[in-house]
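Counting from 149, one number per residue, gives the positions in the sequence shown under my numbering. We put the CB at the ideal spot given by N, CA and C, even for glycine. These notes are about the structure you will find just below.
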Amino acid sequence: MKKKVFIAFILLFLAASAPAFCQTDEMPGINPQDLPSGEILRNDYFDGKSLWGYIDGGADVYLEYGFSRLRLQEVNYKNHHFKLEVYRMKDPQASFGIFSISRFKCSPADSLPGFNCISNYQTVAARDRYYISAINDNGTNEEIFLSKELVRIITGKIAQDSIEIPMLFQKDIFQPYRGELKLFHGKLGVQNGFPAWSDQFDRYGNFSMYILPIETSSGYAYIAKIKFSSAVDMKDFHEKAGFKNLPEALLSVSKNGILKAMRKTGDDELVYFETNYPSAEAGKFLKEID
């Protein structure tokens with residue numbers, strides 16, 4: 149009898165302990181063995197509710213994309229302080245979406261895998277379901293290098309990278325601008341990442357939009373692939389843009405020096421193009437989306 153009670157107690161203990169261990173182990177991050185010359189100063193976790201306490205006023209955007217969990221760490225590494233954030237999103241597209249609106253005046257690094265962007269004070273990356281950020285205090289060359297090293301350690305613990313972008317934006321003509329590609333999963337993302345279009349999308353819910361903004365000294369071109377929550381929303385959008393009917397063939401209208409073009413790609417999907425480029429330059433992009 150005592151033996152059965154003891155075994156039952158052990159099983160209950162393991163059952164109670166397992167979630168805590170799983171919650172910790174399933175989130176990639178920095179472990180003590182990763183930093184032989186460093187120290188982990190903080191290691192906290194946040195879920196959908198507690199995220200409000202960490203990101204004052206900014207949690208809504210993460211939740212719109214599909215936030216699951218955040219692992220927050222602070223480390224002292226080679227006499228420098230770093231803040232590390234690992235956000236687990238609902239899927240790889242959501243992690244790319246958050247990454248795409250979080251980049252600011254940064255450049256990609258070949259030394260890091262997948263989608264990444266480096267500035268003096270922050271290194272960000274998206275890999276599979278995870279969006280990763282490493283922030284340093286002073287923006288020195290050494291801190292920039294160490295930030296990349298920390299992100300490399302974390303991304304190395306993520307087994308696969310299944311982030312894919314639409315074939316439209318993989319075309320060679322868009323390669324020089326691909327670092328500006330953004331993905332939105334609702335109006336809050338547009339407000340934060342592309343406010344020039346926020347008025348056009350405030351009335352719609354649950355849409356998904358990739359947009360590639362191309363801006364040069366001679367003008368701009370915006371190429372978007374949009375999936376609405378319904379055919380009704382899509383119809384409302386293209387009618388307000390000046391297109392009464394929308395076939396699968398590309399249609400274009402021009403007014404006040406602005407050229408707009410659209411074509412239907414599904415019952416609730418379309419490709420939208422807007423530019424103020426001269427016709428010859430605009431034509432190079434138009435033929436790629438026709």
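Looking at the unbroken beta strand (DSSP E) that takes in A379, where does it start and where does it end? Element bounds for A379: not the beta strand (DSSP E) but the alpha helix (DSSP H), 379-388.
What are the start and end residues of the alpha helix (DSSP H) that includes Y368? Premise fails: Y368 lies in the beta strand (DSSP E), 367-375, not in any alpha helix (DSSP H).
With a CB to CB cut of under 7 Å and the five nearest residues on each side skipped, what residues in its chain are close to L189? E222, V223, N224.
Quick one: using the 10 Å Cβ neighbour count with 16 as the cut-off for buried, is M315 buried or exposed? Exposed, by the Cβ-count rule.
Please give me, in chain order, every unbroken run of the beta strand (DSSP E) with length at least 3 that falls completely inside the region 269-307. Correct list: 270-275, 278-284.
From this set, P184, H229, I292, H386, which residue's C-alpha is nearest Y269's C-alpha? Ranking the options by Cα distance to Y269, first place goes to I292.
Leaving out five residues on either side along the sequence, give the residues of the same chain with a beta carbon under 8 Å from the beta carbon of S295. Only F230, I266, Q270, T271, A282, I283, N284 meet the Cβ criterion.
Taking Cβ positions only, does F322 come closer than 8 Å to chain D? This model lacks chain D altogether; it includes just one protein chain.
Residue range of the beta strand (DSSP E) that includes E222: Residues 215-225.
Length of the line joining the Cα atoms of A379 and G334: Approximately 16 Å, taken between the alpha carbons.
What do you reckon, are the CB atoms on H386 and L394 nearer than 8 Å? In contact: H386 and L394 (Cβ atoms closer than 8 Å).
Can you name the start and end residues of the alpha helix (DSSP H) that Y103 belongs to? For residue 103 there is no data in the structure shown, the boundaries of the chain being 149 and 438.
Whose C-alpha, out of E212, I249, Y213, is nearest the C-alpha of P343? The shortest Cα separation from P343 among E212, I249, Y213 belongs to I249.
Which residues in the same chain have their Cβ closer than 7 Å to the Cβ of S216, if we skip the five residues on either side of it in sequence? Only R236, M237, K238 meet the Cβ criterion.
Enumerate in chain order the residues of its own chain whose CB-to-CB distance from F322 is below 7 Å, with the five nearest sequence positions on each side excluded. The residues L360, in chain order, have a CB closer than 7 Å to that of F322 in the same chain once the five nearest residues on each side in sequence are set aside.
Give a yes or no on whether the C-beta atoms belonging to I246 and Y213 are separated by under 8 Å. Judged by their CB atoms, I246 and Y213 are nearer to each other than the 8 Å cut-off.
Suppose you measure from the CA of N289 to the CA of R411; what does that come to, to the nearest Å? Roughly 47 Å between the two C-alpha positions.
Can you have a look at T364 and say buried or exposed, based on whether 16 or more other CB atoms are within 10 angstroms of its CB? Taking a 10 Å sphere around the C-beta of T364, we find fewer than 16 other C-beta atoms and assign the residue as exposed.
Mapping the DSSP letters down to three states, classify T423 as helix, strand or coil. Three-state result, T423: strand.
Backbone CA spacing between L331 and D438 [nearest angstrom]: Rounded to the nearest angstrom, the gap between the Cα atoms of L331 and D438 is 21 Å.
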